[in-house]
Structure formats: C-alpha cells, structure tokens
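Peer 1:
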C-alpha cells in the first residue's frame, strides 16, 4: 500500500505559485455552490505524519471560507463524551447538508492508536473497524461525501525529523514522544495501519493515501482531491455516483509535476550476469523443489499470481517455476477473456474454482486483477464494478491467506522500449508470431492508463497479508531468478 | 424477532386447494422468464425446523421445473472442500445468471451450528458473520437475488414433535439427536440464532422469518415470497431495486387466511382493578425511585422508548414514570416532525444528540422508530431509506447496549374502537381538544398499514439485545403499571 506513496513526489515553488491561486478560487467557488447542495462533506485528515496533518488543517482554513467549515480536534474524550457510546462524539459533530466538517485524526486513527497502545485487544480492534465501516456506510447512504486522507511519511523521513528536532531546539517542540515511539515501532505500526486502512477502505468511503514528504505536493494533492470530489459530486452523473465522487487512492496532480507512479520505483537497470544467474537460479530451483515436496507432505498449498505487461516474460517465468515442481501437484491457469459461462457468474467465480487442493500449487498466468487492469482501462467493466473489485479482491485474498495458503503476487515490469523490441522480435520469429494480436498494439497506446491502473492496484491491494512484489524484467535472467527466489522465500516462510 | 412468527397462522385445505394451482402456474412462468434474465437466484432454506426445511425443498422440487434449479445439501464438508477456504463450496455451486440454486441449510446455519456446538469461539463466530455479509453483498452487488428463509417453530411445537416421535415409531426416524438437543437448549439456541440473523440481515439480503408450524401456511408463504421477489426483480423499477425485490420479513399471504399480525397476540382484555393497581403501582414506583437513585450513583444510564398508537396513553405513562424520578436526572424528549435542522442531518442524528449522561434517564415520547412507522406508511421516507433503517437502528441500539445503557422499548397497544372512543372524549374535553388534529383521523384510515409496519418493526428490531415489549393499553391502569414494572425489571436486571 505505502509503496505507492513513497515516490519522492515533489512540487517546486514555481509550479506552486502558478497553480495555487486558481485552485483556491475554484475551492471557494465549490464551497459556495456546496452551500445549497443536499449533502454534507466530511474530510478526515489523519496519518502517520502528525505534523503534516496539522499543517494541512491550517492550510485548509487559509484556503476555504471558514464560515462554512468546522474543524474538530477530537483529542482524548471529555467526561461528557466518555459517558456516552464512543460514536456520540462523532454524531454530535456531523455537519448539516451543504456544510463541511474537518476531522483531525478521526475515528480510524483513534482505533489504530488504541490498538498500538495495547488499550484494546485484537477482537475489539476488529469490532471497532466494523463499526467504522457501518458508520461511514450509513452516512454515505444518506448522501454524505466522505473523504478520508492518510498522510504517509516513509521511515527515513520520520527518522530525519526526529534527528532534526534534537539539533534544532526551535523545532523540537513539534516532535513529541508519540513521534519517537512511532519511529521505534515503525514496521509494526505500519502493519497495524495497513490492516486498518484495508478494512475500512470501502467503495463508499475509500482511503486516499497521500505522500507527505513534500509539503507543497501534499497540499496540492489534498486541495485538488477535495475540489474534484466536491465538483464531481455536484455535477457528476455516472453509474456509480458514490464511488464516482470518491476518487482513487493515488491519482496524482499532473500539472504539479508529480508524475511518478509506483512502477517508476522499479530499477529496470537491474541485471543478473549469466554466471551469477546459473548459480542463484539452480540453488533457488532446488530449494523450491524441496520445499514444494515438503508442502505436499504437510498439505500446504500455494497460489502464484503472475501479472505484468505483454511480453514481460510471464510465460517464461511460469515454465521455469513449473519445471521445479512435480507435475502431479501443480496446475497452470492461463487467464484470458472470460467464456460465456464465466460471464454468467460473478467475476471472481472463475478464480475460486481452480483453488488448489491441500499441498498443491496453482500458477495463475494473469488473474483476478484483470478486473482492475484491462477491464478497467478498456472499459469492459463499468466504473462501479472495478471500484468494488478492490474490496472484493482483498476479501478473497484474506480468505486464501487465513486458510493457510501461500499467496505470492508478482508483477513483471518492463519498459515501453523493451516491449517494442520484444514485439518486433516476435514478429520475426515464426513460432512466436502467433502470440501477436492487434490488441497487443492497442494496449500499447494506453500505456499511461495501464500504469495508473497498476499504481492504484498496488496502492489498494498490496496489503500486509498479501503484498505485491514488483520485479524488474527488462533483463530476463533477473526476472526469472527473482521470481524463483520469491517463491522460495514465500514457501520457506510458511513452512518454517 | 420470533414473536412475529409465533402467531398460529394456518391455511385450511380449502384455501390451499383454491390457491396453489394458480401459484404453481405463476411460479413456472416466472421461472421460464427468469431463464433469459441477467441475474441468478439464490434461495437459502434454513431454520430451527429442520423437517420443515426438508419438506419445503421437496415441495419446491415438485412445484418448479427442476431442469433449471439445482439444490445443494451442504452437509459436512468433503475432503475436497476442507482443503480449500470454507467459502469455496459455496462459490463452486453458485448458479449462473438466469438459474436458481437452492441451499438447504446454508452458510449462516453452519456458523450457528458451529457456535452452538462450541466448535468456534465468539470471535470466530463474529468473523464468520462478517464474512457472510460480505459474501452476500458481493453477490447482490453483482445482481444476484438472494432470498433467505428461516423456518421457525415455537418451543412447544418442538416439544410436541419430540413427544410424538417417541409414541409413533414410524415418525421416529425423522427426529434425531439434533432436534432433542435443540429442544433442551432452546432458549440459548434462539439467542444465538437471533444474534446471527440480526447481524446478517442486510438491506441487500434480509432474512425472511417464516412461521413453520402449519405445513400449508409455510409452503404458501415461501412459494409466494419466491414468486413475488422474482417478479418484482424482473419487472420492478423502484428507487431501491435491490431492496425492492427482497420483500419484508413478514408480510403475509393475505388470501391464504393468515391475517394475524404480531399485535394480535396482545391480550387487550387485560385489566388491572383499582385496588390491585394501587398496590402494584406503588411498589413498582418506589422500586424505580430507589433503583434510579442507585443508577445515578453507579453511573448507569437508561433510555426508555415509548411508542404506540395515538391516544394509547404514552403521555400518561411518561408522566407516571417521571414522577418516580429525580428531576435533575431525567429528561423527556418529545419527538414530532423533524425541524429544518434535523432534516439537514442523517435521521438518526437527532436521537444521538440527547443520549443521557452517566446515571441519567432519557424518556423518548416516540423515537427513531418513526422512520419505519409513520415515515414509511405516510411516504415521508423513500423505500430505500426506511428499509435501510432496520439495520441502522439495530446498529445504533447495539452501541447503546454495549455501552451499558439500559434500553427499554415499549409499545402501547389499543384497539381501533378504544382509540375512537378516546378521540371522541378528547373532542369533548376542552383542555384535551388541542391534542386532536386532522392527521390523527387520517392515520386511522391507515390502521392496517400501520399494523403491518409495527409487525415488521418487531420482526426486525426486537432482538436478543433490545427486545420490544408490547403492552395492552385498552385498560389504562394495566398499561401504566406494566410500563412501570418493566422499567423496574430492566433496572433491576442491570444493577443486580
């Protein structure tokens, strides 16, 4: 999830100066129009970047007409509040239709803090997350526009901030014990956060995770999201009105010079020499062979999802992995356009069907992610359908993982140029030519749209229980050995 | 919940013979039309009446064209099934669009059985129920029509059946240990069932609880519900298509001579003589006085909901209860048409606001139930709004109860004749005349519609954590003393 917002997105002062005046005018206009609208707006500002949250609140107050927004700090509950059910404090502050309320921190952050501070048990945490879903659903069903921002700072930035505060007494007061504790338990904390965001990211109120390192980027991203969401809600039609207005987790502010997407973090220069390859590959293959046999004995099954650009080498990786396996115990499921029978069912149906028996491995050559990739980009799925899919996929994968299945999700990444070269080579190779269709060329035209879809996919489905692994595949040896080693590591971790 | 289906509804043979031929033709026609429809139908048949479920399955097979339905028994999972995540067995059996699948027992019953057999912990039970909600929501979002029937048999009928099986060897094979155990732990079992049905009764897939005592009534009720739901789905338009087609929990089959509703179970002849009244009332009042003072000390707050027909005596009951309380610690909230400010919020907002502080009591003269009563009947709320309300109300009340608040819900019931007499008396009493409005008379015209709304309200919101108490109020003394004693009992139970 957070890998999609650790991109180093930045906005320079020039862009900022050029863009913000217009944005501020638009925001004020939207706010004016909102006054006579029949829905309220709730903006939840929270995140691991506490200071970023505070700054953003102040900025919104500067940018918006404060007569029509109200901001709630929601620190420790008052006596009054403790004497009522927990959500009383949220209900009493709900804005009326046409008005906006900003919640600093908010209900989900509170549940996360309670859990990290061990004030509530796992069961109570789950219960709290369920309550949050129901609360937000009730509001959304009633028409409310619920915008939830999570401001994320990478670990090194947290560390830098704490270091700076030690050196600079003037900044020190802004960094407190909470920040220091967070830094100390960062990895564990982020697991809890990912879990909470996954569970409370619904089609009616999805989390929008924002990269918080650069102040200007953060401000523009949030300002734009608020503006767009209100505008779409005021004027949008769309099949899926609710989802329409809750924009995607990470669509970025283009004109702000923040065009990096998650695939840009993959180092495509990664190369593995022939000699190194042979050693590493053989060892990994032998390990996979041994581990998969042990998995058969112990009844541990595995699912490997291979996704990636056309010609990225999915087939090659699958052939090599399957060569390490006993033919009786694995199965490859090539996924292409759904059959008539498959179309007559829920889209997940065809992926439930081939789930492996105990001890077996299923390799998916493309997968259920088609819903949020090709079907989204090519318009085969309606907006409501692919937006719902993130939640449904997370639920599906949770069931797999909770059943004890090893779930490995690999994306093979190549550059556009590399793809062009491989297409050309295919055209020239008689036995590979059949692989090329018109569609392959069409897909190339939408490269950018696919990149955005991959980005959103990683942001929303790379979870603490089923993370995505993005593999550089311009170099085939690098791709193959990394895929094999990833499977080895996944099996080892489960069987250990 | 179950009080709404313990009415002794029956269908005589004559009615049965008259009605079933037409119903069967209609069902076959609907089934034929369904074949080219773009949605599948899932019928879940489960209940505490195991034999009734079996009989109903056989009947559906007799009535429907079996080429287009498939029935799944779903007993103990097979090896194949145990090796996959639990829901695999449900996914693999999902019908394609245009087809119907009948599930005998089904996923919720399985969770209930696991819980009753102590095979899963409370946490796992909650998790299972959440998974069920998500599963059904995913199917409904994809267009599926999900009809879930719970066949309920009152305790005395269960007992009768077990007794009969002892006497009649030919019937004995149909009653097994499961039935005997159920009878032994009946009350506990029904609490678990109510909990599960409450948690999995959603607007997209609500439970339809069916009175199972009379074979013919049960069959007609289910047959009609299936027919109506498919027809409404095929041809309905409606704002809220999903909910539209999933009919209400207990709307009954009128022409089948089964017109009894839950209010008909209230014995309106109940009378309390003056002398008895004075003794009982004084004792109850003194107890409430003492207990409410103890509640103040211990910080236990209470909410009393008074609902009932116009002129049923809500005001009188409230005056008498409040006379037993310390004026500093209680508050009466009279609920009438929402203000402009209230309309500008979620309808529950105005009921969250006045929740009592620790130790205090709030008496609601009418309440949040207006949504599913007057707003439903008079059309002030759209169908989607009042249908969603059942779930939202149950969630709201769960939060109250979990916070430790004493929640008492009273319905004061009077006959239509009694109401007419009281209206007349009001017209003649100068200081009561102001109470009468045109609306009161208009409401009388919709008596039957209100009765149905009350019935559905009890069926869906009388839960194991917040049951409704229906009080006979033709006799004012009976109503007042019962209300007072109910509060005493509720306080006693909580403070004990």
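Protein chains in written order, with the working numbering: chain R, 10 to 505; chain S, 10 to 505.
Quick reminder that beta carbons are idealized off the backbone N, C-alpha and C, glycines included.
1. Within 8 Å (strictly less), CB to CB, does residue 106 of chain S reach chain R?
2. Counting only beta-carbon separations shorter than 8 Å, does residue 188 of chain R have a partner in chain S?
3. Spell out whether any CB of chain R is found under 8 Å from the CB atom of residue 248 of chain S.
4. Note down the Cα distance separating residue 357 of chain S from residue 377 of chain S, rounded to an integer number of angstroms.
5. Under a Cβ-count criterion, where at least 16 other Cβ atoms within 10 Å of its own Cβ denotes burial, should residue 350 of chain R be classed as buried or exposed?
6. Closer than 6 Å by C-beta to residue 301 of chain S: which residues in its own chain qualify, once you throw out the five before and the five after it? Chain order, please.
7. Under 8 Å, Cβ to Cβ, is there at least one residue of chain R near residue 366 of chain S?
8. Around the Cβ of residue 214 of chain R, are there at least 16 other Cβ atoms within 10 angstroms (buried) or fewer (exposed)?
9. With 16 as the cutoff for other CB atoms within 10 Å, does residue 26 of chain R come out buried or exposed?
10. What whole-angstrom Cβ distance do residue 405 of chain S and residue 320 of chain S have, given they're in contact under 8 Å?
11. Using alpha carbons as the reference points, say which of S/113, S/190, S/232 and S/278 lies closest to residue 34 of chain S.
12. So, does the CB of residue 125 of chain S fall closer than 8 Å to a CB anywhere in chain R?
13. For residue 485 of chain S, would you say it is in contact with chain R, using Cβ-to-Cβ distances shorter than 8 Å as the test?
14. So, helix, strand or coil for residue 343 of chain S, using DSSP?
15. Just to confirm the assignment, what range does the beta strand (DSSP E) spanning residue 373 of chain S have?
16. Tell me, please, which residues DSSP counts as bridged to residue 311 of chain R.
17. Starting from residue 66 of chain R, trace the alpha helix (DSSP H) both ways and give me its first and last residue.
18. Spatial neighbours of residue 7 of chain S within its chain, please: C-beta separation below 8 Å, excluding the five flanking residues on both sides.
19. In the stretch 130–183 of chain S, which residue ranges form an unbroken beta strand (DSSP E) of at least 3 residues, counting only runs that do not cross its ends?
20. Using a 10 Å radius around the Cβ and a threshold of 16 neighbouring Cβ atoms, would you call residue 408 of chain R buried or exposed?
21. Going along the stretch 353–365 of chain S in order, which residues come within less than 7 Å of chain R, judged by CB to CB distance?
22. Count the other CB atoms within 10 Å of the CB of residue 41 of chain S; is the residue buried (16 or more) or exposed (fewer)?
23. Consider the Cβ of residue 338 of chain R: report whether some Cβ of chain S lies at a distance smaller than 8 Å.
24. Counting only the same chain and skipping the five closest in sequence on each side, list residues whose C-beta sits under 8 Å from that of residue 457 of chain R.
25. Can you give me the start and stop residues for the beta strand (DSSP E) that residue 220 of chain S sits inside?
26. For residue 212 of chain S, tell me which candidate among S/397, S/39, S/15 and S/346 has the shortest Cα-Cα distance.
27. For the stretch 85–94 of chain S and the stretch 183–192 of chain S, state whether three or more C-beta atom pairs, one from each stretch, are separated by less than 8 Å.
28. Do you know whose CA, among R/24, R/148, R/464 and R/392, lies nearest residue 226 of chain R's CA?
29. What three-state label does DSSP hand residue 481 of chain R in the structure shown?
30. Report the residue from S/160, S/403 and S/283 whose alpha carbon sits nearest the alpha carbon of residue 222 of chain S.
31. Counting beta carbon pairs with one atom in the stretch 88–105 of chain R and one in the stretch 361–374 of chain S, are three or more of them shorter than 8 Å?
32. Just to check my reading of the structure: residue 106 of chain S and residue 353 of chain R have Cβ atoms closer than 8 Å, yes? What is that Cβ distance to the nearest angstrom?
33. What is the rounded straight-line gap between the Cα of residue 309 of chain S and the Cα of residue 272 of chain R?
34. If you reduce the DSSP assignment to three classes, tell me which class residue 55 of chain R lands in.
35. Taking residue 327 of chain R as part of the alpha helix (DSSP H), name the residues at either end of that continuous run.
36. Check whether the Cβ of residue 94 of chain R lies closer than 8 Å to any Cβ atom in chain S.
Peer 2: On the basis of the coordinates in this document:
1. Working through the second chain from its first residue, we reach residue 106 of chain S at position 97. Residue 106 of chain S counts as touching chain R.
2. Start at 1 with the first residue of the first chain, and residue 188 of chain R comes out as number 179. Answer no: the Cβ-Cβ gap between residue 188 of chain R and chain S never drops below 8 Å.
3. For this step, residue 248 of chain S is matched to residue 239 along the second chain. Reliability fails at residue 248 of chain S, whose pLDDT of 45 lies under 50, so the model's placement of it is uncertain and the value that follows must be treated cautiously. It does not; no Cβ of chain R falls within 8 Å.
4. Against the second chain, residue 357 of chain S aligns to sequence position 348. Against the second chain, residue 377 of chain S aligns to sequence position 368. Taking the straight line joining both Cα atoms gives about 7 Å.
5. Residue 350 of chain R sits at position 341 when you count from the first residue of the first chain. The residue in question, residue 350 of chain R, is exposed, as its Cβ has fewer than 16 Cβ neighbours within 10 Å.
6. By one-based count along the second chain, residue 301 of chain S stands at place 292. Contacts found: 334.
7. On the second chain, residue 366 of chain S is found 357 positions in, with the first residue counted as 1. Residue 366 of chain S counts as touching chain R.
8. For this step, residue 214 of chain R is matched to residue 205 along the first chain. Buried, by the Cβ-count rule.
9. One-based indexing of the first chain puts residue 26 of chain R at position 17. The residue in question, residue 26 of chain R, is exposed, as its Cβ has fewer than 16 Cβ neighbours within 10 Å.
10. On the second chain, residue 405 of chain S is found 396 positions in, with the first residue counted as 1. On the second chain, residue 320 of chain S is found 311 positions in, with the first residue counted as 1. No, residue 405 of chain S and residue 320 of chain S are not in contact; Cβ-Cβ is about 28 Å, not under 8 Å.
11. Indexing the second chain from 1 puts residue 34 of chain S at position 25. Here the closest residue by C-alpha is S/232.
12. Counting from one through the second chain, the residue named residue 125 of chain S turns up at place 116. Chain R, which has no Cβ nearer than 8 Å to the Cβ of residue 125 of chain S, makes this no.
13. Working through the second chain from its first residue, we reach residue 485 of chain S at position 476. Answer no: the Cβ-Cβ gap between residue 485 of chain S and chain R never drops below 8 Å.
14. The sequence position of residue 343 of chain S within the second chain is 334, counting from 1. Strand.
15. If you number the second chain from 1, residue 373 of chain S lands on position 364. Unbroken beta strand (DSSP E) run through residue 373 of chain S: 370–374.
16. For the purposes of this step, residue 311 of chain R is taken as the residue at position 302 of the first chain. In the DSSP output, where bridge partners are listed per residue, residue 311 of chain R has R/370 and R/415.
17. For the purposes of this step, residue 66 of chain R is identified with residue 57 of the first chain, where counting begins at 1. Per DSSP, residue 66 of chain R belongs to the alpha helix (DSSP H) from 59–72.
18. With chain S covering 10 to 505 only, the question about residue 7 of chain S has no answer from this structure.
19. 154–161
20. Walking along the first chain from the start, residue 408 of chain R turns up at place 399. Buried.
21. 353, 354, 355, 358, 361, 362 and 364
22. Position 32 of the second chain holds residue 41 of chain S. The residue is exposed, with fewer than 16 neighbouring Cβ atoms inside 10 Å.
23. Within the first chain, residue 338 of chain R is the residue found at index 329, counting from 1. Output row for residue 338 of chain R: interface = no.
24. Translated into positions along the first chain, residue 457 of chain R becomes position 448. The answer is none, since no qualifying residue turns up.
25. Mapped onto the second chain, residue 220 of chain S falls at position 211. Where residue 220 of chain S is concerned, the enclosing beta strand (DSSP E) stretches over 216–220.
26. What you label residue 212 of chain S is simply residue 203 of the second chain in a count that begins at 1. The residue with the shortest Cα to Cα distance from residue 212 of chain S is S/397.
27. no
28. Translated into positions along the first chain, residue 226 of chain R becomes position 217. Of the candidates R/24, R/148, R/464 and R/392, the one whose C-alpha sits nearest the C-alpha of residue 226 of chain R is R/24.
29. The residue you call residue 481 of chain R lines up with position 472 of the first chain. Strand, per DSSP.
30. Here residue 222 of chain S is taken as the residue at index 213 of the second chain, counted from 1. Comparing Cα-Cα distances from residue 222 of chain S to each of S/160, S/403 and S/283, the minimum goes to S/160.
31. yes
32. On the second chain, position 97 is the one that residue 106 of chain S refers to. On the first chain, position 344 is the one that residue 353 of chain R refers to. That pair is a contact at about 5 Å.
33. Working through the second chain from its first residue, we reach residue 309 of chain S at position 300. Working through the first chain from its first residue, we reach residue 272 of chain R at position 263. C-alpha separation (whole angstroms): 56 Å.
34. By one-based count along the first chain, residue 55 of chain R stands at place 46. The answer is strand: DSSP assigns residue 55 of chain R an E or B state.
35. Numbered from its first residue, the first chain carries residue 327 of chain R at position 318. It spans 323–332 - the alpha helix (DSSP H) in which residue 327 of chain R sits, taken as one unbroken run.
36. Position 85 of the first chain holds residue 94 of chain R. Closer than 8 Å to some Cβ of chain S, the Cβ of residue 94 of chain R qualifies, so yes.
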